[in-house]
Amino acid sequence: MTKQALGFVGLGNMGGPMGTRLMQAGHELYVYDRDEAALERLVAAGAKRMASVKAVADQVETLFLSLPTPDIVEAVCLQEGGLKDGGKVRQIVDLSTIGPRAAASIAKGLADKGILYVDSPVSGGVQGAVKGTLAVMVSCPRANYDALESVLANFGKPFFLGEKAGQAQTVKIANNIMSATAVAITSEAVVMGVKAGIDPKVMLDVINSGSGRNTASADKFPRCVLPRTFDVGFAAALAYKDVRLCVDEAEHIGVPMVVGSAVREMLSITLAACGKDADFCDVVKVIESWAGVEVRG
Ligand code: NAD
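Listed below in C-alpha cells is the structure:
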C-alpha cells in the first residue's frame, strides 16, 4: 500500500503503539480516543486530532479500530453519528478482540452502508505492538486482504484465514484461551513449588528448558511476577472477556470446553478479588492467597 491518510480509533495499550508504527512508516494518521491522555500521546507524536469517531470517518477511506469490547465496537461502528455515517470511509479494519458472532453482525451492519468490515484481531501483547511482531489474523475478501497486506505488515505477520468476518476472531479467541490457560496453570504450579520451598526463578528456568514451557513461564512470570510489577499491559478484564467469548462460542457450535470453563472461573475470581483494573497476571495473587505464600524472585 502506498503512503496514504489512515484513521485510528482506540489508542490504548495496543492502539497507541500500532498507530505510532503507521506514522513511522510514513502514513498520515487521523486519530480519536475518548480518553484525552491516550489521544494526546498520538497527537504529540504527529497524528491529527479528530473530535469524534465520525470526524475520522469523514477524513479517510481506511480506518483501524483497537477497542475493548464487542459492545463498544458495535456502538462506535453502527450507532447514529458513528463510523457508518462518515463521509469518506470505505473499509474498517478491526484489530479488537470481539468474537466471531459480533464480527459477523457488525460486518453486516456496515455492508448495508457500503462499508467493508475487515476482521483483523492481533496477538503478541504490548511488546509485540511496539516492535511490530504481532500475529495479525485476517478474514475478509481475498482481494481486500491482498491490498491491505503491506500496511498490516507494519504490525507484524499477517495471516489470511478466510473470506468471512468472524473467521479471524475464531482463531484469536482460541489463541487467547490457550494464553489464559498458561497463566492459570503456571500460577498453580509455581505457587505449589514455592510452598514446597523451591526458588521460583530456578523452577521457571527448569520449566523453560523442559516441556512445561509456555508464554506465562517464558515471558509473563519472569517479566512481571517475579519482580512483582504486575504490568503485563493486558487487563484481566479483557482476558476474561476473551475467554468468555471462546467458551460461549464453543458452546454455541457444540464443542465442550472443560479446561476453558475452569480458566474462565479463575479469571472471574481474579476480578472479584483484585478489582476491575487487575492485571492479567493477578491470577497468581489469588492462588498465593489461598496457599499462603508469595512468588517473588
Ligand atoms: P485499552 O483499554 O488499553 O485501550 C482501548 C482504548 O479504547 C482506550 O484508550 C479507550 O479510551 C478507547 N475507547 C474505549 N471506548 C471508546 C469509544 N467509545 N470511543 C473512542 N475510544 C474508546 O485496551 P488494549 O489492551 O489496547 O486492547 C484493545 C483491544 O485489543 C481489545 O479488544 C483487546 O482484547 C485486544 N488485545 C489486547 C492485547 C494486549 O496485550 N493488551 C493484545 C491483543 C489484543
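Residue numbers (our numbering): 80 to 376. C-beta: ideal position from N, C-alpha, C; glycine also. Since this is a predicted model, take the numbers as computed values, not measurements.
Which of the three DSSP states is assigned to residue 359 in this structure?
helix
Unbroken beta strand (DSSP E) run spanning residue 108, endpoints:
107-111
How about residue 196 and residue 226: do their beta carbons lie closer than 9 Å?
no
With 16 other CB atoms within 10 Å as the buried threshold, where does residue 266 fall?
buried
Would you tell me roughly how many angstroms separate the C-alpha atoms of residue 352 and residue 183, rounded to the nearest one?
34 Å
Please report the straight-line C-alpha distance between residue 271 and residue 318, rounded to a whole angstrom.
24 Å
Once you ignore the five residues that flank residue 131 on each side, which residues in its own chain have a CB closer than 8 Å to its CB?
111, 160
Given this structure, state the Cα-to-Cα distance separating residue 377 from residue 273, to the nearest angstrom.
Not covered by the structure: residue 377. The range shown for the chain is 80 to 376.
Rounded to whole angstroms, how far is the Cβ of residue 349 from the Cβ of residue 362, which I believe are closer than 8 Å?
5 Å
What does the alpha-carbon distance come out to for the pair residue 258 and residue 329?
17 Å
Please identify the residue among 123, 307, 192 whose C-alpha is closest to the C-alpha of residue 102.
123
Under the rule that 16 or more other beta-carbon atoms within 10 Å means buried, what is residue 187, buried or exposed?
With a threshold of 16 other beta carbon atoms within 10 Å, residue 187 falls short and is exposed.
So, using beta-carbon positions, are residue 364 and residue 321 closer together than 9 Å?
Inclusion of residue 364 and residue 321 in the CB contact set at 9 Å is not warranted, their separation being larger than that value.
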